[in-house]
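Structure, as structure tokens:
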Amino acid sequence: MSTTLPSAPTELSQFPKLCELRRKYPVLYRVEFQTATKVETHSCRHATKPGNKEKNQNQRCIPYDYNRVVLDTIEGEPDSDYVNASYVDSILKPNAYIVTQGPMENTVTEFWRMVWQEQASCIVMLTKTFDFIRVMCVQYWPASKDKDEEYGGIGVSVLKEEELANFHIRTIKLYKKDENDEVTEERTLLQFHYTEWHSHTCPFGNAVLEFRRRVRAVVGSTITNEPGPMIVHCNDGGGRSGVYLAIDANMELAEEEDAFDVFGYLKKLRQSRRGLIENLEQYKFIYDTLEEYVVCGTSWFPVAELSQRLKQKSIKNQITKMNEYQREYQQICKQTPRFTIGDCAGGHRADNREKNRDVLVVPPDNFRPYLTSFQGNSFTDYINAVFVDGYTKPREYIVTEWPLRHTCGEFWSLVYDYECAAVVVLCVPPQGSTNFPTFWPEGRHSKKYGPVFTIDHISHNHYTNIKTWVFRINKKIVSLTELMAGVKAPPKTVQLFQLTCWPMGHKVPTSTNSLVELMNMVERWRQRTDYGPVAVVSPDGRSRCGVYCAANACIEQVIQHGEVDIFQAVKTVRRHRPQLVENMTEYKYCYDLVLHYVLHYLNKDMNEKK
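Going by the numbering used here, 471 is the number at position 483 of the sequence shown; the sequence numbering is gapless.
Right, here's the structure in full:
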């Protein structure tokens, strides 16, 4: 093993080997990080002046004097030229970014003065406004499209907001008025707000790459025609901002010169601002994300190319003896996370072990729903279920197994506690099966499940290959604490959809059209009810469910952006349960489902949404 520090950029073709070496010898990460971050030689005199200290979130992430953003001075206000912000070069372009802290109550005006002065066209926000029970950053834009705000003579209004699972995109208008209240100048910018990057953690690499793709797709377009630098901030303008800059700048270098310079750019970042990339985990994350970019490449394509792409994917490579479907699925399996018994401790506890159909398929504690309805001292907060992200919403689905006879109460607690809009059942067990008890009322009567939940039948409809029931869930309060506090448990309504053309033992349903129609029925119901996630049920909580979630996410992407990216959709559904989309047959069927939707439903559904 050589501990020689990188002295030049690494060619993309060699980068996976570089990452593999660092996984084998993790000390290499540490040597690089400590070497690049131990020397910070520039002065921060302006940031530490008494009049400016209260304008800093903390003293760890402050601008150096030589490259700080200097605001136009306001007459009669000392230190009005200060904002906690730094110009930062990319690898190829000087002053490509302005890195700043998230605005505080007393610095929102300075933030918008800077945006206006620097003619910024794009803001990249990498923090929630509230996280870990504290304010990370004030909401510096209007709370609704109906209400404008004014900050230091600059009017701010939100024209449009698009919500995706991991980030929001807001179109914001800035304007100035004269003494007659007439608008004299206005500009438009875009704010890209990454909402799933928690403090002190690293997000999923493929989600950050998708976020960066969306940012770069509009920077320089007609809507963002101002020439200013990209403004990037997290809560303090430190770790997360540095990570994003390192990924963005290295990908820019790769697009121009087919190379990465992770170590070299880290040194440059630390000479540009204190605290950029603040710990070793973030540094490793940069390597991992850039490796994912190299290995996976571009997986999305316009929906107009779908039929042609599927023909190409079926052609077998004469060297590898694999077609493109097989190569993609093999790559997904390599990058699927592996969870330890410790990660899934809740499912392995003695009092929860009998609630699992398969002890090898249990949810990670970080990604499972915790039951909150009290049903008795013998009940726990556990059910074998996991959250799965959709395309437009995080945790859009809850994937779970067919309830056992003694876990039906937990199932209805899940539906009630998380206000599930719909329950999707993707199988029909054998009639009278004791291993798969019916967990909903079969007639027009009510039935009790567990000590507190009673399910009332409201209505039902039977279609070709699809059955639906509307139920009312009634909950009885049995907790003494809740009774004394006068807690009410209002009834909740849910619709259950059962697909009857996917027999047990079959890897795919006998009617693709029926599955697509079921997806549409669920979506129409959700638009009417606007409740929480969809509970997706299969015999074992692993087969079938991944197909449903991944295909749904892809269909949303087709409708919203005219794109198809099944590779990334399947990677996403496997984040929290690695067994989802468990074989090549299911993976290929995801493509077939989306193709069927595009050919038979797309134009009709888009016309309905207009």
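Ideal placement from N, C-alpha and C gives every residue a C-beta, glycine not left out.
Keep in mind the model is a prediction, meaning the values are calculated, not measured.
Is Pro352 buried or exposed, if buried means 16 or more other CB atoms sit within 10 Å of its CB? Buried: at least 16 other Cβ atoms inside 10 Å.
Under a three-way DSSP split, which group does Asp444 fall into? Reduced to three states, the DSSP call for Asp444 is strand.
In this structure, what does DSSP give as the bridge partners for Cys110? Bridge partners of Cys110: Leu178.
Closest to Tyr451 by C-alpha separation, out of Thr380, Pro391 and Thr488, would be which residue? Nearest option by C-alpha distance: Thr488.
Under 8 Å, do Asp224 and Asn55 count as touching if we go by C-beta distance? No, Cβ-Cβ distance for Asp224 and Asn55 is not below 8 Å.
Per-residue burial, His494 [other beta carbons within 10 Å of its own, 16 or more giving buried]: By the neighbour-count rule (16 or more Cβ atoms within 10 Å), His494 is not buried but exposed.
Cutoff 7 Å; reference Gln105; Cβ partners in own chain excluding five residues on either side: So the qualifying residues of the chain are Leu59 and Asp60.
Can Ile50 and Ile219 be called in contact, C-beta distance under 8 Å? In this structure, Ile219 does not lie closer than 8 Å to Ile50 by Cβ.
Decide if Asn267 is buried, meaning its Cβ has at least 16 other Cβ atoms within 10 Å, or exposed. Asn267 counts as exposed, since fewer than 16 other C-beta atoms from the protein chains shown sit within 10 angstroms of its C-beta.
Where the alpha helix (DSSP H) through Met218 begins and ends: From DSSP, Met218 is part of no alpha helix (DSSP H) but of the beta strand (DSSP E) over Met218 to His221.
Within-8 Å CB hit, Asn453 to chain C: The chain labelled as chain C is not found in the depicted structure, where only one protein chain is given.
Please classify Thr212 as buried or exposed, where buried requires at least 16 other C-beta atoms within 10 Å of its C-beta. Because the pLDDT at Thr212 is just 47, under 50, the model does not fix this residue reliably, and the point stays unresolved.
Selection from Ala292, Gln89 and Ile303 that minimises the alpha carbon distance to Gly648: The first residue shown for the chain is -11 and the last is 598, placing residue 648 beyond what the model contains.
What number of angstroms, rounded off, separates the C-alpha of Gly193 from the C-alpha of Asp276? Spanning the two alpha carbons is a distance of roughly 7 Å.
Beta strand (DSSP E) segment containing Leu392, residue limits: Where Leu392 is concerned, there is no enclosing beta strand (DSSP E), given that its DSSP letter is neither H nor E.
My guess is that Lys43 and Asn72 are in contact by the Cβ rule of under 8 Å, so how many angstroms apart are they, rounded? Contact between Lys43 and Asn72 is confirmed by a C-beta separation of about 6 Å, below the 8 Å threshold.
Inter-residue Cα distance where the pair is Glu505 and Pro521: Distance from the CA atom of Glu505 to the CA atom of Pro521, rounded to whole angstroms, is 19 Å.
For Asp580, the three-state DSSP class (helix, strand or coil): Looking at Asp580 - three-state DSSP - the assignment turns out to be helix.
Starting from Lys304, trace the beta strand (DSSP E) both ways and give me its first and last residue. Here Lys304 belongs to no beta strand (DSSP E), and DSSP marks it neither H nor E.
Could you tell me the distance, in whole angstroms, from the CA atom of Arg10 to the CA atom of Asn591? The straight-line gap from Cα to Cα measures roughly 49 Å.
Thinking C-beta only, is Val387 closer than 8 Å to Gly550? No.
Less than 8 Å separating the beta-carbons of Val349 and Gln567? Yes. Within cutoff.
Nearest-angstrom Cα distance between Lys256 and Val250? Straight-line Cα distance between these residues: approximately 10 Å.
Alpha helix (DSSP H) segment containing Ile320, residue limits: For Ile320, the enclosing alpha helix (DSSP H) has its first and last residue at Glu312 to Gln323.
Between Tyr128 and Pro91, what straight-line distance do the alpha-carbon atoms span, to the nearest angstrom? When rounded, the distance between both Cα atoms is 7 Å.
Which runs of the alpha helix (DSSP H) fall wholly inside the stretch -8 to 27 and span at least 4 residues, in chain order? Fully enclosed alpha helix (DSSP H) runs of 4 or longer: 3 to 12 and 15 to 25.
Which of the three DSSP states, helix, strand or coil, is assigned to Phe427? In the three-state reduction of the DSSP assignment, Phe427 falls in the coil class, being assigned neither a helical nor a strand state.
Okay, do the stretch 232 to 250 and the stretch 149 to 168 touch, 3+ Cβ pairs below 8 Å being the bar? No contact exists between the stretch 232 to 250 and the stretch 149 to 168.
Let me confirm a value: Asn344 is counted as buried when at least 16 other C-beta atoms fall within 10 Å, else exposed. Which label applies? That one is buried.
Among Gly141, Thr36 and Thr286, whose alpha-carbon lies nearest the alpha-carbon of Leu552? Before going on, a small fix: residue 552 reads as Val here, not Leu. Of Gly141, Thr36 and Thr286, the smallest CA-CA separation from Val552 is found for Thr286.
Rounded to a whole number of angstroms, what is the C-alpha to C-alpha distance between Cys408 and Glu293? Distance between the alpha carbons of Cys408 and Glu293 is about 35 Å.
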